[in-house]
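Let me begin by presenting the structure, written as structure tokens, before commenting on it.
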Amino acid sequence: MNQKSQSPKNTSGNIHRRGPAAIGVPAEKAKDFKGTLRRLIVYLSPYKIAIVFSFVLAIIGTLFGVVAPRILGRATDSIYLVVMERIQGNNIPMDYGYLQEILIMLAGVYLINAVMTYLMQRIMVSISQKTVYGLREQVNDKLTKLPLKYFDNHSHGEILSRVTNDIDNVSNTLQQSLNQMLTSVVSLIGIFIMMLRINLLLTLVTLITLPLSILITKNIAKQSQKQFKAQQKSLGELNGHIEEMFTGHRIVKAYNYEDKSQSKFDSFNEELYDSSSKAQFISGMIMPLMTFVGNVGYVIVAALGSIFVTRQVLSLGDIQAFIQYTRNFSQPIVQIANIANIIQSTIASAERVFEILDEEEEWDQPSTCSGKVVQGQVQFNKVKFYYEENRPLIENLDIRVKGGQTVAIVGPTGAGKTTLVNLLMRFYDIIEGSIYIDDCDVHQLSRGDVRSMFGMVLQDTWLFKGTLLDNIAYGKENAAEYEVIEASKNAYADDFIRRLPEGYQTELNEEADNISQGQKQLITIARALLADPQILILDEATSSVDTLTEKLIQKATQKLMKGRTSFVIAHRLSTIVDADLILVMNEGQIIEQGTHQQLLKKQGFYYDLYNSQFAMGIVS
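Per this note's numbering, the sequence shown starts with residue 538, numbered consecutively.
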């Protein structure tokens, strides 16, 4: 099959972003949260010892971080006592040795915290990358085994989004969020215990401000969510308009559409500005209000703390440590809420990935027939097929094609021409009947063996990013360079290739648009010649090319078809007047068949189709 590399585009319209979350902001939810979570845990089970070790490191590092303010408070108490004694006239020397011990202890605590955090991160990065590596391998392997109907029923953008964005989302969560969740919970418990040990009343005062913070954040988040949805909608419209205008800029200029295009852009841009400003303003209120509530609690704690110090209920170092704990108390709560949202979104992403892995694979069996094409005879015997049940497309189809014959398939759009090719190459399996190639039923052959018999040259010139040599060599495994050059000469492509600055080493870009449409077509013909198949499938490919290139393509195509059984999907009937057999299809049925002259004499559907093209100047 011919391939073309293109830059990934999310045509599904889904934009996955990881940004700052807030308490109360709804996350995308999975359909089966528990089931998907259990399944994701299975992927982590080979690393359970490393994960437990990572969690132990996280707990140790967090606990050392929690005790640091209390140790610093002891240093403050030591200095405060000396200052107070000196104020009272007692010339007490500063115990620098004690302070040095505290500072060394504090440095050790922070160092252990940093080392534990570093080791924990290293372990989780390794685990997440190995897990996601295996998941990507499974998804890639699965995609190669899925039937064509899966790709027909799912947009490329949706598939790319699952393979890239969703897997990256899972990777980021495994790498960061799990340990953050653990450290936040440990921090919250540790800080709460330390606050209780210092003073119960101050702890209750701190807890009173917490529901207020949650209430404010939840209400603001609900309002900002509406504006963020409007922002995403406006952004999608603006991006769609930009892509449409710039990909079709020739048409825009040809019809003097620039002013209208600019006017639509201004309208979309203004809507985006309005919704973005409101979204950012409303969401931006969260932190100032939380800071305000936190400062109110801080002032109350400071006021009560000063009273406790003067009454010698608490030391100044205790108040200093408590104020630090107060500052740090809300942070793990917000982190836990954010990570809970992220985990919900991640499970939803994992569920979409698992949906691919759960898709029914294209069933295949080893070949029980030789699969060696000698004559290239093709037979369709009472073939029945439909894409959707109760909507038959092809019924009782009978075709007999001799080896080396050229068979043209004509008919209006939706007549079933492409379906016939799909059945021939087993992209889809027939419902009833049989298809024979020589004396082999195609269902006695593996799909790979069936497809190896065919060469395809389609109207869509599917090329991939790489050199011209690689693109042509794609037709034959381990093809030598001289074989590629010989095939190019036979396809009349060698001449233009050698005129390129890099010759056969010329790199095609992402869109493969640094060579002309006609040159692309000659490349695909060279690829098919190199593959040397016995049976060909051709889609007329001379549209949008100049007359000289069209003649080259026709000559190359004729050389390619010589001695081979060829199925030609015809659009211009003038190109298939010499075909050995013309099949006229309509609504999945072959309503007429014969040579060009035979069909004209019948004065039926083909006769009308031919004359309508002649009247429009297509047949010439």
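By construction, the Cβ of each residue, glycine as well, lies at the ideal position given by its N, Cα and C atoms.
- Looking at the backbone, the Cα of ALA887 and that of MET718 are separated by about 19 Å.
- Secondary-structure assignment with DSSP links PHE917 through a beta bridge to ILE936, ILE972.
- Looking at the backbone, the Cα of LEU995 and that of ALA767 are separated by about 42 Å.
- Here the alpha carbon of ASN650 sits roughly 18 Å from the alpha carbon of GLN868.
- By the CB criterion at 8 Å, ALA1024 and LEU1089 fall outside the cutoff.
- Between ASP1117 and VAL920, the C-beta spacing is not below 8 Å.
- Counting along the chain, the unbroken alpha helix (DSSP H) around ASN865 starts and ends at 853–894.
- Nearest in C-alpha terms to LEU594, of all of VAL604, LEU656, PHE802, is LEU656.
- Note on ILE629: under 16 other CB atoms within 10 angstroms of its CB, so exposed under the neighbour-count rule.
- Check the Cα spacing between SER989 and each of ASP855, ALA1068, VAL662, LEU1005: the tightest is with ALA1068.
- Judged by pairs of C-beta atoms under 8 Å, the stretch 1101–1118 touches the stretch 938–955, as three or more such pairs exist.
- Here the stretch 592–611 lies against the stretch 849–863, with 3 or more beta-carbon pairs under 8 Å apart.
- Beta-bridge partners assigned by DSSP to CYS977: ILE974.
- Taking a cut-off of 8 Å for Cβ pairs, the stretch 701–710 and the stretch 669–685 touch, as three or more such pairs fall below it.
- LYS954 sits close to ILE946, with the two beta carbons spaced by under 8 Å.
- According to the DSSP assignment, ALA1024 belongs to the alpha helix (DSSP H) that extends over 1018–1027.
- Assignment of GLU1124 by DSSP, reduced to helix, strand and coil, places it in the coil class.
- Beta-bridge partners of LEU1118 (DSSP): VAL944.
- Three or more pairs of CB atoms, one per stretch, sit closer than 8 Å, so the stretch 1054–1066 contacts the stretch 1009–1028.
- The count of Cβ pairs closer than 8 Å, one atom from the stretch 805–813 and one from the stretch 769–777, reaches three, so the stretches are in contact.
- When the alpha-carbon of LEU715 is set against those of ASP978, GLN881, LEU1085, VAL958, the nearest one is in GLN881.
- The alpha carbon of LEU685 has as its nearest neighbour, out of LYS1026, GLN914, VAL958, the alpha carbon of VAL958.
- Taking VAL620 as the centre and dropping the five residues before and after it, the same chain places no C-beta closer than 8 Å to its C-beta.
- The DSSP-derived three-state label of ASP1076 is strand.
- At a Cβ-Cβ threshold of 8 Å, PRO949 and ASN1123 count as neighbours.
- The three-state secondary structure of LEU1045, taken from DSSP, is strand.
- Cα atoms of LEU697 and MET962: separation of roughly 26 Å, rounded to the nearest angstrom.
- Rounded to whole angstroms, the gap between the alpha carbons of ASP986 and ASN1051 is 34 Å.
- Around the beta-carbon of PRO1070, 16 or more other beta-carbon atoms lie within 10 Å, marking it buried.
- Of all alpha-carbon atoms in ARG984, ILE936, GLY951, the one lying nearest the alpha-carbon of GLY970 is that of ILE936.
- Distances from the alpha-carbon of VAL722 to those of ALA874, GLN764, VAL604 put ALA874 closest.
- Residues of the same chain with a CB within less than 6 Å of the CB of LEU680, apart from the 5 flanking positions on each side, do not exist.
- Annotation for TYR835: ILE860, THR863, ARG864 place their beta carbon closer than 8 Å to its own, counting only its chain and skipping 5 residues before and after.
- Burial is judged here by how many other beta carbons sit within 10 angstroms of a residue's own beta carbon; ALA885 has at least 16 and is buried.
- By the beta-carbon neighbour count (other beta carbons within 10 angstroms, threshold 16), LYS1139 is exposed.
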